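Numbering (the working numbering), first residue to last: 349 to 530. Positions of the beta carbon are idealized from the N, C-alpha and C atoms, including for glycine. Keep in mind that this is a model prediction, so the values were computed, not measured.
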Amino acid sequence: MRAEPTPRPERSGVRVERPGRITATDRMMNRVASILSPERIRLDLSASAKNQVFDSAGRLFGALEAVEPTRVVTSLLARENLGSTGLGQGVAIPHARLKGLRQAVAAYLRVNPAISFDAPDGKPVSELLFLLVPEQATEDHLQTLAEAAEMFNDRRFRDHLRNQFSATSVYQAFVDWPMTAA
Numbered sequence: 349m350r351a352e353p354t355p356r357p358e359r360s361g362v363r364v365e366r367p368g369r370i371t372a373t374d375r376m377m378n379r380v381a382s383i384l385s386p387e388r389i390r391l392d393l394s395a396s397a398k399n400q401v402f403d404s405a406g407r408l409f410g411a412l413e414a415v416e417p418t419r420v421v422t423s424l425l426a427r428e429n430l431g432s433t434g435l436g437q438g439v440a441i442p443h444a445r446l447k448g449l450r451q452a453v454a455a456y457l458r459v460n461p462a463i464s465f466d467a468p469d470g471k472p473v474s475e476l477l478f479l480l481v482p483e484q485a486t487e488d489h490l491q492t493l494a495e496a497a498e499m500f501n502d503r504r505f506r507d508h509l510r511n512q513f514s515a516t517s518v519y520q521a522f523v524d525w526p527m528t529a530a
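Shown next as structure tokens:
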């Protein structure tokens, strides 16, 4: 007698297919998680100023995405000069469009201690989600940015994220959203 396949749950978790690589199995992954990876997550980064964090992000993207770190930093700072990307509540989402980038990518950096960032609430920032998108990807950029802002505007998600202490568990928090916000 042939066994019936096990029905898939409506919302499953994630499955580790390869060590260090987590992918969604039964549902479309949210935009932010789909462009983030544990390799682009840094926790307890020591920096005393915004420029130092941007330099760290530039080096990280440069090492993993084959883009020139100075181009990344220049693009991020140009956007930042238009107005702070600080959201408040200790969070910022620096973002930029980058000529020559093939696909959108994200990096999450947690800074300790928090740094001054000109956030609307005046609080220092300790969590930064960096978003880079191809120069022509205007709509995708806006949708990803909106989703990231929605994530970080949810106190439960922020609290959950702040209680994760490894790159894999931080990434998992992004993958599980919006479940962590429920």
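Which of helix, strand or coil DSSP assigns to residue i
i    : result
F522 : helix
D466 : coil
E475 : strand
M376 : coil
S517 : helix
T371 : Because T371 carries a pLDDT of 48, less than 50, the predicted location of this residue cannot be relied on, and no value is offered for it.
N- and C-terminal bounds of the beta strand (DSSP E) containing residue i
i    : result
G434 : 434-436
F409 : Run containing F409: none in the beta strand (DSSP E); it sits in the alpha helix (DSSP H), 398-413.
L393 : 389-393
A485 : From DSSP, A485 is part of no beta strand (DSSP E); its letter is neither H nor E.
Test item: CB-CB of residue i and residue j under 9 Å
i    : j    : result
Y519 : I383 : no
A395 : I441 : no
G434 : V420 : no
S344 : R450 : Because the chain is modelled from 349 through 530, residue 344 falls outside the range shown and cannot be assessed.
F409 : L480 : yes
P472 : M499 : no
L391 : S404 : no
L477 : A454 : yes
G531 : P468 : This structure leaves residue 531 out entirely; the chain is present only between 349 and 530.
T492 : A521 : no
Status (buried if at least 16 other CB within 10 Å, exposed otherwise) for residue i
i    : result
G513 : The question names Gly, yet the displayed sequence has Phe at residue 513. By the neighbour-count rule (16 or more Cβ atoms within 10 Å), F513 is not buried but exposed.
L398 : The sequence as given places Lys at residue 398; Leu does not occur at that position. Counting Cβ neighbours within 10 Å, K398 comes out buried, since at least 16 surround it.
E475 : buried
T418 : exposed
E416 : exposed
E483 : exposed
E487 : exposed
D374 : At D374 the pLDDT is 38, less than 50, meaning the model places this residue with poor confidence; the figure from the coordinates comes in the next sentence. Exposed.
R503 : exposed
Residue range of the alpha helix (DSSP H) that includes residue i
i    : result
D507 : 503-510
V421 : 417-430
S382 : 379-383
Any beta strand (DSSP E) of 3 or more consecutive residues that is wholly inside the region 435-462: 443-446, all fully within the region 435-462.
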